[in-house]
Amino acid sequence: MVSFGSHVDFSIPHIKIRNLNKHYAVQGHTVHALKNIDLDEGHIHIHQQDLATLSHAELIQLRQRIGMIFQHFNLMSAKTVYENVALPLKVANYPKQDIEQRVNEVLQLVGLSDKTQHYPSQLSGGQKQRVGIARALVHHPEILLCDEATSALDPESTSVVLSLLKEINQKLGITIVLITHEMQVIREICDQVVVIDAGEIVESGEVWSVFSQPQQSITQELLNLEQLDLPFRLNAVPMQLDTHAIFKIRSTSDAHHPPDLKKTLEHFPQTVHLYQSQVDTIQNHLIGTLVIAVPTQDLEIQSLRQKLKAHVTHVEVLGYARPTH
């Protein structure tokens, strides 16, 4: 159990969270806070309404506008797909005809119209999660909370669920709050990211920006940016003979205007040896990473850094080595 710091502030469409401080697991607290369960400090505004000022009846009405998707599906095993999805509407005393119409609509949306009379035990993990999504949508929510919604799924099911969530966001205009440790999930469907470490927000911004220039070690660790597979050992200081400086260079550009490598590499007066390269496309941005080795003889590293800043996003000397070519 950890605590949110006393100055946790962030905003997403329709939602603003300020000064949360409560002892919960961080992820669970985010979800509970947005549902206004046991919120004793701080403020949450949804559609400019402070949840702390709402009456019990107003809170119930507001919660119906917030859908929830769980990691382990939370389906009732003795009820059919149709009955699981219909349950929130039955509890709210909707007319039977309205329930039938809405349940059929959301099951068609998630691609399970042919599974209405199946039981959870007859479904795959991905299908169960799609039932959970249909149930979360049945109240016409404006906000969808996804608590590790794909972490229990295989890669194929994860891809299907992420595509569905993206479609829901784009077609229905629903704000999706995704809580996850899976960087690939964030990379695929998110627009904004908030990184929380030990209950404090350590980094936030557009996904492409945070992924291309992670400032904090926890973010770098999550992105596996420091895991290098090089055929030589790095040293902190140059050796006496035949030493090469090992650079990591990262560039970011619009997807339609890839960077000109010639302009980057022409600043190196010596031969450049390439050891790693990678290009990611995130939010219509290209993020390219190079790991290169350059002889240190006559190499003025500080001057070189300044020249490269005009062409690249990040320049780092990882260390020194004696590569064999």
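Position in the sequence shown (first residue = 1) + 1 = the working numbering. Where a beta carbon is used, it is the ideal one built from N, C-alpha and C, also for glycine.
Legend entry - Proximity below 8 Å, CB of residue 175 to CB of residue 143: Taking the sequence shown and counting its residues from 1, the one referred to as residue 175 is at position 174. Taking the sequence shown and counting its residues from 1, the one referred to as residue 143 is at position 142. Result yes, Cβ atoms of residue 175 and residue 143 sit closer than 8 Å.
Legend entry - 8 Å Cβ cutoff met for residue 116 and residue 92: Position 115 of the sequence shown, counted from the first residue, corresponds to residue 116. Position 91 of the sequence shown, counted from the first residue, corresponds to residue 92. Pairing residue 116 with residue 92 gives a Cβ-Cβ distance that is not under 8 Å.
Legend entry - Residues that residue 144 bridges to, as DSSP identifies them: Residue mapping note: residue 144 aligns to position 143 of the sequence shown, counting from 1. Bridge partners of residue 144: 67, 176.
Inset, instruction - Buried or exposed for residue 257, please, with buried defined as at least 16 other CB atoms from any protein chain shown within 10 angstroms of its CB. - result: For the purposes of this step, residue 257 is taken as the residue at position 256 of the sequence shown. With fewer than 16 other Cβ atoms within 10 Å, it is exposed.
Legend entry - Stretch pair the segment 99 to 108 + the segment 178 to 187: three plus CB contacts closer than 8 Å: By the Cβ test, the segment 99 to 108 is not in contact with the segment 178 to 187, since fewer than three Cβ pairs between them sit closer than 8 Å.
Legend entry - Completely contained beta strand (DSSP E) runs for the segment 65 to 142, where each covers 3 or more residues: Segments of the beta strand (DSSP E) lying fully in the segment 65 to 142: 67 to 70.
Inset, instruction - Return the CA-CA distance between residue 120 and residue 128, expressed in angstroms with no decimal places. - result: Indexing the sequence shown from 1 puts residue 120 at position 119. Indexing the sequence shown from 1 puts residue 128 at position 127. In a straight line, the C-alpha of residue 120 is about 11 Å away from that of residue 128.
Legend entry - residue 267, DSSP secondary structure in three states: Indexing the sequence shown from 1 puts residue 267 at position 266. Of the three classes helix, strand and coil, the one that applies to residue 267 here is coil, per DSSP.
Inset, instruction - Please go through the same chain and pick out, in chain order, the residues whose beta-carbon is closer than 8 Å to the beta-carbon of residue 84, but skip the five residues on each side of it. - result: Within the sequence shown, numbered from 1, the residue matching residue 84 stands at position 83. If you ignore the 5 residues before and after residue 84, its C-beta comes within less than 8 Å of the C-beta of 77, all in its own chain and listed in chain order.
Inset, instruction - Inspect the beta-carbon positions of residue 279 and residue 290 and report whether they are closer than 8 Å. - result: The residue labelled residue 279 in the question sits at position 278 within the sequence shown. The residue labelled residue 290 in the question sits at position 289 within the sequence shown. Yes, the pair counts as a contact, with Cβ atoms nearer than the cut-off.
Legend entry - Contact under 8 Å by Cβ, residue 219 with residue 196: In the sequence shown, counting from the first residue as 1, residue 219 sits at position 218. In the sequence shown, counting from the first residue as 1, residue 196 sits at position 195. Contact check for residue 219 against residue 196 passes: the beta carbons are separated by less than 8 Å.
Legend entry - Local conformation of residue 234 per DSSP, three classes: Within the sequence shown, residue 234 is the residue found at index 233, counting from 1. Taken through DSSP and simplified to helix, strand or coil, residue 234 comes out as coil.
Legend entry - Helix, strand or coil at residue 272 [DSSP, three-state]: What you label residue 272 is simply residue 271 of the sequence shown in a count that begins at 1. Of the three classes helix, strand and coil, the one that applies to residue 272 here is coil, per DSSP.
Legend entry - Euclidean distance between Cα positions of residue 272 and residue 208: Taking the first residue of the sequence shown as position 1, residue 272 is located at position 271. Taking the first residue of the sequence shown as position 1, residue 208 is located at position 207. Rounded to whole angstroms, residue 272 to residue 208 spans 35 Å at the Cα level.
Inset, instruction - Consult DSSP for residue 152 and reduce its assignment to one of helix, strand or coil. - result: Residue 152 sits at position 151 when you count from the first residue of the sequence shown. Three-state DSSP puts residue 152 in coil, outside helix and strand.
Legend entry - Range covered by the beta strand (DSSP E) that runs through residue 196: Position 195 of the sequence shown, counted from the start, is the residue given in the question as residue 196. Residue 196 -> beta strand (DSSP E) spans 193 to 198.
Legend entry - Counted within 10 angstroms of its Cβ, other Cβ atoms place residue 245 as buried (16 or more) or exposed: Here the question's residue 245 lines up with position 244 in the sequence shown. When all chains shown are included, residue 245 counts as buried.
Inset, instruction - Give the DSSP bridge partners of residue 282, in chain order. - result: The count along the sequence shown starts at 1 and reaches residue 282 at position 281. Per DSSP, the beta bridge partners of residue 282 are 287.
Inset, instruction - Might you give, ordered along the chain, the residues of its own chain that have their beta carbon closer than 7 Å to the beta carbon of residue 97, omitting 5 neighbours on each side? - result: If you number the sequence shown from 1, residue 97 lands on position 96. Once the five neighbours on either side are set aside, residue 97 has no close Cβ partner at all.
Legend entry - Close Cβ partners of residue 309 (< 8 Å) along its chain, the five nearest in sequence each way excluded: Counting from one through the sequence shown, the residue named residue 309 turns up at place 308. Correct list, in chain order: 250, 265, 268, 316.
Inset, instruction - Would you decide whether residue 130 is buried or exposed? Buried here means 16 or more other CB atoms lie within 10 Å of its CB. - result: The residue given as residue 130 occupies position 129 in the sequence shown. Result: buried.
Legend entry - Where residue 55 sits in the DSSP three-state scheme: Translated into positions along the sequence shown, residue 55 becomes position 54. Residue 55: coil per DSSP, three-state reduction.
Legend entry - Counterpart residues of residue 248 in DSSP-defined beta bridges: What you label residue 248 is simply residue 247 of the sequence shown in a count that begins at 1. Under DSSP, residue 248 forms a beta bridge with 293, 318.
Legend entry - Opposing strand residues paired with residue 253 [DSSP bridges]: Counted from its first residue, the sequence shown places residue 253 at position 252. Under DSSP, the beta-bridge partners assigned to residue 253 are 288.
Legend entry - CA nearest to the CA of residue 138, picked from 66, 124, 126, 113: As a working mapping, residue 138 is identified with position 137 in the sequence shown. Ranking the options by Cα distance to residue 138, first place goes to 66.
Legend entry - Straight-line gap, residue 72 to residue 134 (C-alpha atoms, nearest Å): Start at 1 with the first residue of the sequence shown, and residue 72 comes out as number 71. Start at 1 with the first residue of the sequence shown, and residue 134 comes out as number 133. Their Cα atoms are separated by approximately 11 Å.
Inset, instruction - Apply the 10 Å Cβ neighbour rule to residue 302 and answer buried if 16 or more other Cβ atoms are within range, or exposed otherwise. - result: Here residue 302 refers to the residue found at position 301 of the sequence shown. Its Cβ having fewer than 16 others within 10 Å, residue 302 is exposed.
Legend entry - Whether residue 288 touches residue 213 by CB criterion (8 Å): Position 287 of the sequence shown, counting from 1, holds the residue named residue 288. Position 212 of the sequence shown, counting from 1, holds the residue named residue 213. Cβ distance < 8 Å, so residue 288 and residue 213 count as in contact.
Inset, instruction - Answer yes or no: do residue 184 and residue 223 have a C-beta to C-beta separation smaller than 8 Å? - result: Counting from 1 along the sequence shown, the entry for residue 184 is found at position 183. Counting from 1 along the sequence shown, the entry for residue 223 is found at position 222. For residue 184 and residue 223, yes; Cβs fall inside 8 Å.
Inset, instruction - Please classify residue 38: is it buried, with 16 or more other beta-carbons within 10 angstroms of its beta-carbon, or exposed? - result: Within the sequence shown, the letter at position 37 stands for residue 38. Confidence at residue 38 is low in this model, with a pLDDT of 47, below 50, so the placement of that residue should be treated as unreliable; the coordinate-derived value is given next. Burial is judged here by how many other beta carbons sit within 10 angstroms of a residue's own beta carbon; residue 38 has fewer than 16 and is exposed.
Inset, instruction - Give the secondary structure of residue 201 by DSSP, where H, G and I count as helix, E and B as strand, and everything else as coil. - result: Along the sequence shown, read from residue 1 onward, the residue named residue 201 stands at position 200. Strand.
Inset, instruction - To the nearest angstrom, report how far apart residue 29 and residue 281 are at their CA atoms. - result: Here the question's residue 29 lines up with position 28 in the sequence shown. Here the question's residue 281 lines up with position 280 in the sequence shown. The pLDDT assigned to residue 29 is 47, lower than 50, so where the model puts this residue is not dependable; a value taken from the coordinates is nonetheless given after this. Near 31 Å, if we compare the C-alpha coordinates of residue 281 and residue 29.
Inset, instruction - Inspect the beta-carbon positions of residue 108 and residue 86 and report whether they are closer than 8 Å. - result: Indexing the sequence shown from 1 puts residue 108 at position 107. Indexing the sequence shown from 1 puts residue 86 at position 85. Taking 8 Å as the Cβ cut-off, residue 108 and residue 86 qualify as a contacting pair.
Inset, instruction - Quick one: residues in its chain with C-beta nearer than 8 Å to the C-beta of residue 284, no 5 flanking neighbours on either side, listed in chain order? - result: Along the sequence shown, read from residue 1 onward, the residue named residue 284 stands at position 283. Closer than 8 Å at Cβ, skipping near neighbours: 192, 207, 208, 209.
Inset, instruction - Give me the Cα-Cα distance between residue 307 and residue 51, rounded to the nearest whole angstrom. - result: Position 306 of the sequence shown, counting from 1, holds the residue named residue 307. Position 50 of the sequence shown, counting from 1, holds the residue named residue 51. Their Cα atoms are separated by approximately 48 Å.
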